[in-house]
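Residue numbers (the working numbering), protein chains in the order written: chain A, 260 to 373; chain B, 499 to 610.
Pasting the structure below:
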């Protein structure tokens, strides 16, 4: 299967600071990447669809000014959590498709805001 | 009605038995179906994809699709303790701008 990486795997930050998470497709190009968030014992929640060279599409209820997404190249998308607060602490996971259908997930980034 | 439904479980099966995981979906026109495995604290891992009616086998896993009944299932033969995880059914629904819709997952426990 295709490989998607994320960095960092975990991060601790103080309330009010910003955190950037990188998502890379290692062996394929991805015009579209997806960002999910998952709270403990809950389902995956799609936050936004990241489109190379254009603006991201955010799901209803997701603040686009708080969760900044940049899809700078066909292999890299970044998610920046701005002015993070403890309630933003979660497991953030990106994914991408090498083709039209199968979607592969990165290993995830665990964010803790203190 | 939820778009993709799964029994949350837990589904408990003894080691060596067949585990049967089920999923129903609401969109009659959907064409692409996936099963992911998610261990606790980890991200989902794609284990099966199926696009046509019938069975698709890959090692100990068999995916079954019945579009007329809007039903997709995953069978795990010779279940092992390492199969204990949450299994997510995902459907590429029509008209959703290529976004996967996930069920809430079924937690499988394989007991010794």
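By construction, the Cβ of each residue, glycine as well, lies at the ideal position given by its N, Cα and C atoms.
(1) Who are the near neighbours of residue 610 of chain B in its chain, counting only those whose CB is closer than 7 Å to its CB and skipping five residues on each side?
(2) Residues of chain A with CB closer than 9 Å to the CB of residue 602 of chain B, please, in chain order.
(3) Who are the near neighbours of residue 551 of chain B in its chain, counting only those whose CB is closer than 6 Å to its CB and skipping five residues on each side?
(4) Would you kindly work out how many angstroms separate the C-alpha atoms of residue 289 of chain A and residue 532 of chain B, rounded to a whole number?
(5) With DSSP collapsed to three states, give me the class of residue 264 of chain A.
(6) By DSSP's criteria, residue 507 of chain B is part of a beta bridge. Which residues make up the other side?
(7) May I have the straight-line CA-CA distance separating residue 333 of chain A from residue 311 of chain A, to the nearest angstrom?
(8) With DSSP as the reference, label residue 547 of chain B as helix, strand or coil.
(9) Considering only the alpha carbon of each residue, which of B/554, B/518, B/503, B/502 lies closest to residue 606 of chain B?
(10) Going along chain B, which residues have a C-beta under 9 Å from residue 271 of chain A?
(11) Note the first and the last residue of the continuous beta strand (DSSP E) segment covering residue 600 of chain B.
(12) Would you decide whether residue 352 of chain A is buried or exposed? Buried here means 16 or more other CB atoms lie within 10 Å of its CB.
(13) Hey, residue 559 of chain B and residue 544 of chain B are a contact pair by Cβ (cut 8 Å); roughly how many whole angstroms apart?
(14) Would you say residue 505 of chain B touches the ligand GTP, meaning its beta carbon is less than 7 Å from a heavy atom?
(15) Can you tell me whether DSSP reads residue 518 of chain B as helix, strand or coil?
(16) What does residue 363 of chain A touch in chain B if you count any residue whose Cβ is under 8 Å from its own?
(17) At the level of alpha carbons, what is the spacing between residue 270 of chain A and residue 321 of chain A?
On the basis of the coordinates in this document:
(1) 513, 579
(2) Neighbours of residue 602 of chain B on chain A, chain order: 301, 302.
(3) 563, 565
(4) 19 Å
(5) strand
(6) Paired residues: none, contrary to the question.
(7) 6 Å
(8) strand
(9) Residue nearest to residue 606 of chain B within the set B/554, B/518, B/503, B/502 is B/518 (criterion: CA-CA distance).
(10) Result: empty, since nearest Cβ-Cβ is about 16 Å, beyond 9 Å.
(11) 598-600
(12) buried
(13) Rounded to whole angstroms, the Cβ separation of residue 559 of chain B and residue 544 of chain B is 11 Å, and the two are not in contact under 8 Å.
(14) Only the bare structure without any ligand can be found here, which leaves the ligand GTP out of the picture.
(15) strand
(16) 544
(17) 21 Å
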